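One structure is given here, and the rest of the page talks about it.
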Amino acid sequence: MRMLRVGRWITAIGLVLLAGVYVRALSFTPIEQSQGLAQKIFYLHVPAAIWAEMAMILVGLSSIFYLFTKDPRLDRFAASSAEVGTIFCAIVLTTGPIWGKPIWGTWWTWDARLTFTLFLFLLYVGYLLLRSAVPDPAMRARYAAVLGICGMCEVPFIHLSVYMFPTLHPMPIVLQPGRPKLPGSMLTTWLLSLGVFTLLYVGFVVQRYALSYLREQLEAVSEGGAGGGYA
Amino acid sequence: MPENGNYMIAAYILVGVILVGYALSLYLRTRRSLRA
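In order, the protein sequences belong to chains A and E. Using our numbering, read the first sequence as starting at 1 and increasing by one per residue. Using our numbering, read the second sequence as starting at 232 and increasing by one per residue.
Here you go:
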């Protein structure tokens, strides 16, 4: 399958470039004076957070269009984006406490931003569990689409939580109105990392989409029909 | 400057393991489906 090969190549390039980001972040980016080396977790934590949220927005948008068009490709994309979003959200929820411990003095606090992010992760897990629990493809797609849209509605709360509630989590320093409050070399490393995470998201989703398509074809062959039962 | 490099190393290793692990999982799952 051509799509599978393309996905594998994009992922492989993304992983090689990730090694490049590691080298640049660890050796060629200045150390922040007040936080020390722990601040370098920022170069992985924030791009992963952006893609964890973007993935859910894309799940929600494709779910809305699915409910109108009943196009199985949109459902397949939503399922793929949700699985990859879960991985990125897991990265956010593990690197966050590792960064928080030396800076805040605690692994976890029930701060608005952290709690909303945990809720996003639970929505992702719920979405994947729902998909595996409903055997009928059409019903599965419809139920999952509703949950996907609910998940998308939660994303703005994560981003705005630092403005809406008194929180321990710092305010955005890049995704904020005005110029990013970050020195040039740190911003370059961060942008490179964001590019690599974007590449990895695309590579993973393309592969996961191809895998879903492959499984649907196998199911159709074993049931003696075609089309994956979305009618 | 605070001495907290071990936290940074732990985070970088963890992210690498998660991403490579997921890439490997996708590879193995598609290979299994292609063989079926």
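Cβ coordinates follow ideal geometry from the N, Cα and C atoms, glycine included. Values in this document were obtained by computation on a predicted structure and should not be read as measured data.
(message) Can you check whether the C-beta of Tyr-22 of chain A is within less than 9 Å of a C-beta belonging to chain E?
(response) Start at 1 with the first residue of the first sequence, and residue 22 of chain A comes out as number 22. For Tyr-22 of chain A, the answer is yes, since a Cβ of chain E falls inside 9 Å of its Cβ.
(message) If we define contact as Cβ-Cβ less than 9 Å, is Arg-26 of chain A a contact residue for chain E?
(response) As a working note, residue 26 of chain A is residue 26 in the first sequence. Contrary to the premise, residue 26 of chain A reads as Leu rather than Arg in this sequence. Yes, because at least one Cβ of chain E sits closer than 9 Å to the Cβ of Leu-26 of chain A.
(request) Determine which residues share a DSSP beta bridge with Gly-247 of chain E and list them. (result) Residue numbering aside, residue 247 of chain E sits at position 16 when the second sequence is read from its first letter. Beta-bridge pairing links Gly-247 of chain E to no other residue.
(request) Please decide whether Phe-77 of chain A counts as near chain E, where near means a Cβ-Cβ distance under 9 Å. (result) Within the first sequence, the letter at position 77 stands for residue 77 of chain A. Not closer than 9 Å to any Cβ of chain E, the Cβ of Phe-77 of chain A fails to qualify, so no.
(request) Identify every residue that forms a DSSP beta bridge with Glu-32 of chain A. (result) Here residue 32 of chain A is taken as the residue at index 32 of the first sequence, counted from 1. Partner(s): A:Gly-36.
(request) Measure the C-alpha to C-alpha separation of Leu-192 of chain A and Glu-216 of chain A and round it to an integer number of angstroms. (result) Along the first sequence, read from residue 1 onward, the residue named residue 192 of chain A stands at position 192. Along the first sequence, read from residue 1 onward, the residue named residue 216 of chain A stands at position 216. One C-alpha to the other measures close to 36 Å.
(request) Have a look at A:Leu-199, A:Arg-76, A:Ala-145 and flag the residue whose alpha-carbon is nearest the alpha-carbon of Pro-47 of chain A. (result) Locating residue 47 of chain A in the first sequence gives position 47, where the first residue counts as 1. For the residues A:Leu-199, A:Arg-76, A:Ala-145, the minimum Cα distance to Pro-47 of chain A belongs to A:Leu-199.
(request) Could you name each continuous alpha helix (DSSP H) segment of 4 residues or more that falls completely within the region 170–226 of chain A, going from the start of the chain to the end? (result) 184–223
(request) Please confirm whether Val-59 of chain A and Gly-151 of chain A have their CB atoms less than 9 Å apart. (result) Along the first sequence, read from residue 1 onward, the residue named residue 59 of chain A stands at position 59. Along the first sequence, read from residue 1 onward, the residue named residue 151 of chain A stands at position 151. Going by C-beta atoms, Val-59 of chain A is nearer than 9 Å to Gly-151 of chain A.
(request) Find the residues of chain E that neighbour Lys-40 of chain A, judging by a C-beta separation of less than 7 Å, and give them in chain order. (result) Your numbering for residue 40 of chain A matches position 40 in the first sequence. Those are Met-239, listed as they occur along chain E.
(message) One question on the structure: do Val-92 of chain A and Thr-117 of chain A come within less than 9 Å of each other, judged by their Cβ atoms?
(response) For this step, residue 92 of chain A is matched to residue 92 along the first sequence. For this step, residue 117 of chain A is matched to residue 117 along the first sequence. Taking 9 Å as the Cβ cut-off, Val-92 of chain A and Thr-117 of chain A qualify as a contacting pair.
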